[in-house]
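*Asks:* After the structure tokens below, expect a handful of questions from me.
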């Protein structure tokens, strides 16, 4: 089964109807139903944080979707541990010339460890 890494962009665009990429991401998500998706709990924290200032009904929908994907058979959520944090900080420190966030760095490390070369994102740095 092909594997893709799902970045924060993907989750936000999938849920937020007003996102400029919403329709394209929804259509694409139907095409990749037979794919395995990998993400991290750090990416999902960013996803939830993105909606922090939205109204209560939107936030409830976001939480419901978060709970739903937790049990998705095609999604593996990699939990943050001390190794990933340290490795992420090391990559971050070595790439100060880039605009990488710590989440980006941890995602890159997970992708490298798992041999994933395709990512659902709009971030050019990947």
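Residue numbers (our numbering): 7 to 132. Ideal Cβ positions, reconstructed from N, Cα and C, are used throughout, including at glycine.
1) Specify the secondary structure class of residue 12 as computed by DSSP and reduced to three states.
2) Reducing DSSP to helix, strand and coil, say where residue 43 ends up.
3) Distance, Cα to Cα, residue 32 vs residue 22?
4) Would you check if the stretch 79-90 and the stretch 27-42 touch, i.e. whether three or more CB-CB distances between them fall below 8 Å?
5) To the nearest angstrom, how far is the alpha carbon of residue 24 from that of residue 94?
6) Return the CA-CA distance between residue 3 and residue 100, expressed in angstroms with no decimal places.
7) Have a look at residue 10 and residue 34 and give me their C-alpha separation to the nearest angstrom.
8) With DSSP run on the structure shown, which of helix, strand or coil describes residue 102?
9) If you reduce the DSSP assignment to three classes, tell me which class residue 126 lands in.
10) Output the distance between the C-alpha atoms of residue 107 and residue 114, rounded to the nearest integer angstrom.
11) Inspect the beta-carbon positions of residue 109 and residue 49 and report whether they are closer than 8 Å.
12) Can you list, in chain order, the residues of its chain whose CB lies under 6 Å from that of residue 16, leaving out five sequence neighbours each side?
13) For residue 89, count neighbouring Cβ atoms within 10 angstroms of its own Cβ and tell me buried if that reaches 16, exposed if not.
*Replies:* Here's the rundown:
1) As a first step, residue 12 is located in the chain shown; it is residue number 6 there, counting from the start. Collapsing the DSSP output to three states places residue 12 in a strand.
2) One-based indexing of the chain shown puts residue 43 at position 37. In the three-state reduction of the DSSP assignment, residue 43 falls in the strand class.
3) Here the question's residue 32 lines up with position 26 in the chain shown. Here the question's residue 22 lines up with position 16 in the chain shown. Spanning the two alpha carbons is a distance of roughly 10 Å.
4) Yes, the stretch 27-42 is in contact with the stretch 79-90.
5) Locating residue 24 in the chain shown gives position 18, counting from the first residue. Locating residue 94 in the chain shown gives position 88, counting from the first residue. So the two alpha carbons sit approximately 32 Å from each other.
6) Coverage of the chain is limited to positions 7 through 132, which leaves residue 3 absent and any answer about it impossible.
7) On the chain shown, position 4 is the one that residue 10 refers to. On the chain shown, position 28 is the one that residue 34 refers to. Near 12 Å, if we compare the C-alpha coordinates of residue 34 and residue 10.
8) As a position in the chain shown, residue 102 is number 96, starting the count at 1. In the three-state DSSP reduction, residue 102 falls in the coil class, being neither helix nor strand.
9) The sequence position of residue 126 within the chain shown is 120, counting from 1. Assigned with DSSP and collapsed to three states, residue 126 falls in strand.
10) Against the chain shown, residue 107 aligns to sequence position 101. Against the chain shown, residue 114 aligns to sequence position 108. Inter-residue distance for residue 107 and residue 114 is about 11 Å (C-alpha atoms, whole angstroms).
11) Looking up residue 109 in the chain shown gives position 103. Looking up residue 49 in the chain shown gives position 43. Taking 8 Å as the cut-off, the beta carbon of residue 109 is found closer than this to the beta carbon of residue 49.
12) Here residue 16 corresponds to residue number 10 of the chain shown, with the count starting at 1. Contacts found: 126.
13) Taking the first residue of the chain shown as position 1, residue 89 is located at position 83. Residue 89 comes out exposed.
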